[in-house]
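In my numbering, the protein residues as written are 33 to 118.
Written out as structure tokens, the structure reads:
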């Protein structure tokens, strides 16, 4: 599923105008939040693939992986709320 999703993103990216493509890469290079979001999405996708692809005999391991995958997102929400309050 990740390969299909990646192929769809690649096709959509290739159809964009060159100015839009360059500004996307510039945004990723310049802003830390953009890199953080990309890292979080890669981390969540990786853990989702591991949870689905491996046949788990115990229920505890996928639950731990699920919460480990959510920790970066929850920390970002918490830090963002704290930054908005001050």
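Beta carbons are placed, not taken as given, at the ideal position from N, Cα and C, and that holds for glycine.
None of these values were measured; they are calculated from a predicted model.
What would DSSP say about residue i, mapped onto helix, strand or coil?
i, result
"residue 87", "coil"
"residue 46", "helix"
Open item on the list: Extract the residue ranges of the alpha helix (DSSP H) inside the segment 54-116, only unbroken runs of 4 or more that lie entirely within it.
Closed with: The segment 54-116 contains these whole alpha helix (DSSP H) runs: 64-85.
Open item on the list: Closer than 8 Å is the cut-off here; do at least three beta carbon pairs connect the segment 88-100 with the segment 56-64?
Closed with: These segments do not touch.
Open item on the list: Closer than 8 Å is the cut-off here; do at least three beta carbon pairs connect the segment 100-118 with the segment 70-81?
Closed with: Verdict: yes, contact present.
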